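> So that we are looking at the same thing, I have put the structure below in structure tokens.
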Amino acid sequence: GGYVQRGGATSGATAVVSGVVAAVRSKYPELSAGQVIRRVLATAKRNGGGAVPDEQCGWGVVDAYAAVTADIPVGDKENPLGKMREGDSDLGRPSNTASMGEWDRSYKPTYNLQEELAAGQAERKARAESLKRREQLKMAGVAVVAVVGVLGGVFWWRRRR
Numbered sequence: 001g002g003y004v005q006r007g008g009a010t011s012g013a014t015a016v017v018s019g020v021v022a023a024v025r026s027k028y029p030e031l032s033a034g035q036v037i038r039r040v041l042a043t044a045k046r047n048g049g050g051a052v053p054d055e056q057c058g059w060g061v062v063d064a065y066a067a068v069t070a071d072i073p074v075g076d077k078e079n080p081l082g083k084m085r086e087g088d089s090d091l092g093r094p095s096n097t098a099s100m101g102e103w104d105r106s107y108k109p110t111y112n113l114q115e116e117l118a119a120g121q122a123e124r125k126a127r128a129e130s131l132k133r134r135e136q137l138k139m140a141g142v143a144v145v146a147v148v149g150v151l152g153g154v155f156w157w158r159r160r161r
């Protein structure tokens, strides 16, 4: 009989995930609900090396800090976990999604998170390279102007003598 008990319910997880979602929405108010879900899933810590979702931890354990601070591609606005079936939001009826991985083994996410993260990293790297090239061109332009200025000054000075 202590206060804390081991169990399989999701009530505690619901509160934690809701708080993380609220923090993400506060930091990134322009994101859609689907993009917030994608961010929380992308930063969740996996339970071992197996595939997700798994029966014990679903999509992983939320990481509040990473969900708010990680550099994650925004991605599609749609919910990556699927859509609600018609009529599932009616009062008094349980909410079921058309596909939710752990409950529907045939479900496969419509996106590959690892590919999406890799694409985002490749895009950021390409942008950084482009900025680096622009800076190099600017510096080369400044150097050319400086050399022309010095040569022009020398030429002018010699002509005056």
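FYI, the numbering for the sequence shown is 1 to 161, going by this note's numbering.
By construction, the Cβ of each residue, glycine as well, lies at the ideal position given by its N, Cα and C atoms.
Here the structure is a predicted model, which means the values were calculated and not measured.
(1) With which residues is LYS45 paired in a DSSP beta bridge?
(2) Note down the Cα distance separating GLY153 from ARG160, rounded to an integer number of angstroms.
(3) Just tell me which of GLU30, GLY34, GLY58 has its CA closest to the CA of THR14.
(4) What three-state label does DSSP hand SER32 in the structure shown?
(5) If the criterion is Cβ atoms closer than 9 Å, does the pair GLU116 and GLY75 meet it?
(6) Would you check if the distance between the CB atom of PRO80 and the CB atom of GLY120 is smaller than 9 Å?
(7) Looking at the structure shown, is ILE37 part of a helix, part of a strand, or coil, going by DSSP?
(8) Using the rule of at least 16 other Cβ atoms within 10 Å of the residue's Cβ for burial, across every protein chain shown, is ARG38 buried or exposed?
(9) Secondary structure at ARG133, three-state DSSP: helix, strand or coil?
Straight from the coordinates:
(1) Along the sequence shown, one-based indexing puts residue 45 at 45. Looking at the DSSP assignment, LYS45 forms a beta bridge with VAL61.
(2) By one-based count along the sequence shown, residue 153 stands at place 153. By one-based count along the sequence shown, residue 160 stands at place 160. Distance between the alpha carbons of GLY153 and ARG160: 11 Å.
(3) Mapped onto the sequence shown, residue 14 falls at position 14. When only C-alpha atoms are compared, the closest one is GLY58.
(4) Position 32 of the sequence shown, counting from 1, holds the residue named residue 32. Residue state, collapsed to three classes: coil.
(5) For the purposes of this step, residue 116 is taken as residue 116 along the sequence shown, with counting starting at 1. For the purposes of this step, residue 75 is taken as residue 75 along the sequence shown, with counting starting at 1. Yes, the Cβ-Cβ distance between GLU116 and GLY75 is below 9 Å.
(6) Along the sequence shown, one-based indexing puts residue 80 at 80. Along the sequence shown, one-based indexing puts residue 120 at 120. Contact: no.
(7) Locating residue 37 in the sequence shown gives position 37, where the first residue counts as 1. ILE37: helix per DSSP, three-state reduction.
(8) Taking the sequence shown and counting its residues from 1, one reaches residue 38 at position 38. So ARG38 ends up on the buried side.
(9) For the purposes of this step, residue 133 is identified with residue 133 of the sequence shown, where counting begins at 1. Here ARG133 sits in helix by DSSP.
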